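Q: Numbering-wise, numbering that gives the first Met the number 0 puts 70 at position 71 of the sequence shown, and it's gapless, one number per residue.
Would you mind keeping the following structure in view while I ask a few things?
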Amino acid sequence: MSTPSRVVAVLAFALTTQLPAMASAEDLTILAGDLPPMFNADGTGREAEVITTVMERCGHSVTFEIQPFTRHWKTYANGKGDGVATVPLGMPLDGHQSEVYIQYQNGVSSLTEAGASYADLGSLSGQSVIAFMGASEILPGLKDAVPSFKSYKEVADQIGQSRMIFGKRVNAVIGDGMIFAEYNRQLRDQADDLMFDPNQGVTFQAIFAPSDYGMNFRSEALTADFNRCYSEASADGTIDAINKKWADQYRDTLGTQYLGH
């Protein structure tokens, strides 16, 4: 091999060894929780759109397998799927965790006509409160505040929270504002069968810091792809546009309280 050819070969080897591993194009199965409008039954949704957009930028296609929330983590842990969505940062789970790609915004929702202003957990003292299952273990300060409430209950059926607030059986609902607003929308479609008015105005107030989530992939190369392509999509405004588009659908409830959108 001549000296110039040898130099070119050495440089090419040095460059390839310094580049991160890139996964070849794949059709990926991603396990996701049944949390409309983050993930809808048909595979659409705010979070679904973020993941699909990012992976398509990397040359991958995505199929979502929707399961009850938290079960999707167990299914992934049992060896199914190429990746799993909505994983709390640091959660001990197989594979390689991505950087933060989605945030949920928990807060307090109440009937607008009540005129209540819930700026913090202390404002809920003496109130009847309902929340999603496990909220007191997840949301900072909530467990300590519960004894000051008139009543407190956690339920897995989140549309039940909407029923209770519209039926005036509780004063406030703690949970993600967009998820709550979507279940309100679903109740409006059932208006003829309800014993209460689901068109009552609802106000959301974000009293918690946003909750960060990552993806877990079995492949380190896929994780690197996801991080790289998410960074690109975030830098050019694509991610922000997706989040704003979904928040705009629930603006009557969220106002400007959902992650600044």
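Cβ coordinates follow ideal geometry from the N, Cα and C atoms, glycine included.
Quick caveat, the model's predicted, so the values are computed rather than measured.
Measure the C-alpha to C-alpha separation of L141 and A24 and round it to an integer number of angstroms.
A: Distance between the alpha carbons of L141 and A24 is about 44 Å.
Q: As a quick exercise: from L138, P197, I173 and G166, pick the residue whose alpha carbon is nearest that of V154.
A: When only C-alpha atoms are compared, the closest one is I173.
Q: Does the distance from the CB of S109 to the CB of T237 come in under 8 Å?
A: No; because the gap between Cβ atoms is not below 8 Å, this pair is not in contact.
Q: What is the rounded straight-line gap between the Cα of Q96 and the Cα of N215?
A: Those two C-alpha atoms are separated by around 4 Å.
Q: Taking three-plus beta-carbon pairs below 8 Å as touching, is the stretch 183-197 in contact with the stretch 50-63?
A: Counting Cβ pairs under 8 Å, fewer than three are found: no touch.
Q: Check S210 in the structure and name its three-state DSSP category.
A: Looking at S210 - three-state DSSP - the assignment turns out to be strand.
Q: Using DSSP bridges, identify the partner residues of S48.
A: Checking the sequence, you will find Glu at residue 48 rather than Ser. The partner list for E48 (beta bridge, DSSP) is empty, contrary to what the question assumes.
Q: Is the distance from the Cβ of Y229 to the Cβ of V53 below 8 Å?
A: For Y229 and V53, yes; Cβs fall inside 8 Å.
Q: Nearest to T51 by alpha carbon, out of I29, T222 and Q66?
A: For the residues I29, T222 and Q66, the minimum Cα distance to T51 belongs to I29.
Q: Cα-Cα, which of M177, A240, H260 and S210 is closest to N39?
A: Per the Cα distances, M177.
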